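Inspection log for the structure reproduced underneath, given as structure tokens.
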Amino acid sequence: MLQVGNGMSVNEDRGHFSIWAMLSAPLISGNDLRNMTEETLEILTNDEVIAVNQDKLAIQAFRYLVDGDLEIWFKPLSENQWAVMFLNRGDAAIDVSFDWKDHVITDEVFNRQVDFSKSTHSIRDVWAKKDQGTTSKKLSIGIPGRDVWMATLLSCQSQAKEEAPKSSSQVLFENLQSMAGEATLFGHQDDLAYGIGWKYVEGESDVKRLAGDYPALFGWELGGIELGHAVNLDQVPFDTMRELALWAHKNGAVNTFSWHPYSAVDSTKSSWETDEVVVRHILPGGSHHEVFLDHLDKVVAFFKALKTGEGEASHLFSDPGMKWMAAGSGGAPH
Numbered sequence: 000m001l002q003v004g005n006g007m008s009v010n011e012d013r014g015h016f017s018i019w020a021m022l023s024a025p026l027i028s029g030n031d032l033r034n035m036t037e038e039t040l041e042i043l044t045n046d047e048v049i050a051v052n053q054d055k056l057a058i059q060a061f062r063y064l065v066d067g068d069l070e071i072w073f074k075p076l077s078e079n080q081w082a083v084m085f086l087n088r089g090d091a092a093i094d095v096s097f098d099w100k101d102h103v104i105t106d107e108v109f110n111r112q113v114d115f116s117k118s119t120h121s122i123r124d125v126w127a128k129k130d131q132g133t134t135s136k137k138l139s140i141g142i143p144g145r146d147v148w149m150a151t152l153l154s155c156q157s158q159a160k161e162e163a164p165k166s167s168s169q170v171l172f173e174n175l176q177s178m179a180g181e182a183t184l185f186g187h188q189d190d191l192a193y194g195i196g197w198k199y200v201e202g203e204s205d206v207k208r209l210a211g212d213y214p215a216l217f218g219w220e221l222g223g224i225e226l227g228h229a230v231n232l233d234q235v236p237f238d239t240m241r242e243l244a245l246w247a248h249k250n251g252a253v254n255t256f257s258w259h260p261y262s263a264v265d266s267t268k269s270s271w272e273t274d275e276v277v278v279r280h281i282l283p284g285g286s287h288h289e290v291f292l293d294h295l296d297k298v299v300a301f302f303k304a305l306k307t308g309e310g311e312a313s314h315l316f317s318d319p320g321m322k323w324m325a326a327g328s329g330g331a332p333h
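Heads up: the sequence shown begins at 0 in numbering that gives the first Met the number 0, then just goes up one per residue.
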């Protein structure tokens with residue numbers, strides 16, 4: 000939920016809204032709509048920023064570059080367009096000089112690329128709602144502290160070229176998009192691991208017994224992997240889980256992984272317990288930030304090992320289920 004209008008500065012509100020738009024996140028107002036400033040209203044109703052969020056490709060932005068307090072993010076849009084965001088995370092204003100022609104932007108997940116040395120794009124500042132030249136010239140802008148510069152980039156000429164083959168992840172994403180609103184995919188947690196009267200029987204599935212086929216989605220839990228446990232919260236061995244998830248992938252299903260970790264502060268407490276302020280300890284500068292990073296590394300290592308014998312990575316959807324990070328929970332930082 001958006002926090003625009005809930006006490007941050009106008010600059011921070013604008014940056015916050017920009018990040019949500021670039022990530023294609025749901026734009027749900029979290030402020031009192033009956034009582035807000037003109038600045039808050041202008042931010043929440045900026046149609047050009049909202050258009051970036053609502054682009055039909057629904058592809059999330061990715062971070063392209065970090066230079067001190069400056070972060071640069073790019074987001075592929077439909078009709079061969081791009082969105083770009085320059086985010087100043089620091090308190091002091093910064094001057095930015097960016098030569099477009101020195102950069103080739105590639106979204107490896109969705110197989111999108113733009114080479115600014117070979118193509119020119121017009122620049123549209125979506126917050127100022129005005130055109131700002133083209134990418135043929137170096138960009139020189141100033142960004143106040145905790146603020147953002149955001150623009151859309153429209154190709155000035157046809158970039159007719161043979162499209163590269165689509166990745167399997169892109170094909171899956173497009174297939175799921177095409178089914179939205181028309182079909183429902185049934186899923187089952189630990190479906191291949193155990194069921195009524197059986198456990199770890201090859202090819203067995205309670206869903207298949209009842210419906211005649213396997214589910215389209217297979218759910219798995221990673222809680223415990225961060226502590227080096229051999230089994231997860233459901234007592235499924237991680238090595239077995241990896242084999243079963245790869246079997247599901249090879250047979251055309253989608254794997255979903257949730258992670259309900261033990262607290263990085265006290266490894267005996269699960270993420271469902273909210274009697275401790277965990278978040279402030281695991282953020283950068285917190286007492287257990289490095290411990291939390293180590294936990295994340297273990298999850299990433301598991302995902303990277305999800306590859307077939309041919310080296311193909313398995314598709315997956317991840318849901319970090321950290322209850323003490325949920326807005327409004329007892330463990331939320333104040």
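We treat Cβ as the ideally placed atom computed from N, Cα and C, and that holds for glycine. Owing to the predicted nature of the structure, the values given are computational and were not obtained by experimental measurement.
N34 burial status per 10 Å Cβ neighbour count (16 or more: buried): N34 counts as exposed, since fewer than 16 other beta carbons sit within 10 angstroms of its beta carbon.
Distance CB(I42)-CB(R13) smaller than 7 Å: A contact, by the Cβ cut-off of 7 Å.
Own chain residues within Cβ distance below 6 Å of L171, not counting five before or after: Taking C-beta separations shorter than 6 Å and ignoring five residues to either side along the sequence, the partners of L171 in its chain run H314, following chain order.
CB of M84 within 7 Å of CB of W72, strictly: Yes, the pair counts as a contact, with Cβ atoms nearer than the cut-off.
Separation of G6 from D31, as counted between CA atoms: Computed Cα separation, rounded: 11 Å.
Contact under 7 Å by Cβ, G251 with L216: Contact: no.
Identity of the residues DSSP links to L315 by a beta bridge: DSSP, once it has assigned bridges, lists N254 as partnering L315.
Residue range of the unbroken alpha helix (DSSP H) whose run includes M240: Its alpha helix (DSSP H) spans residues 237–249.
Where the beta strand (DSSP E) through V83 begins and ends: Here the beta strand (DSSP E) through V83 covers 81–87.
Backbone secondary structure at A179 - three-state DSSP: A179 sits in coil when the DSSP states are folded into three classes, being neither helix nor strand.
Rounded straight-line distance, which links the Cα of G29 to that of L1: Taking the CA atoms as reference points, L1 sits about 5 Å from G29.
The beta strand (DSSP E) enclosing M21, as first and last residue numbers: DSSP places M21 in no beta strand (DSSP E) but in the uninterrupted alpha helix (DSSP H) bounded by 9–21.
Beta-carbon proximity check, I93 vs I142, cutoff 7 Å: Contact annotation: I93 and I142 have beta-carbon atoms nearer than 7 Å.
From R145, L243, G180, residue whose alpha carbon lies closest to that of V9: Looking from the CA of V9, the closest CA among R145, L243, G180 belongs to R145.
D54 to E173 span [Cα, whole Å]: D54 and E173: Cα-Cα distance of roughly 14 Å.
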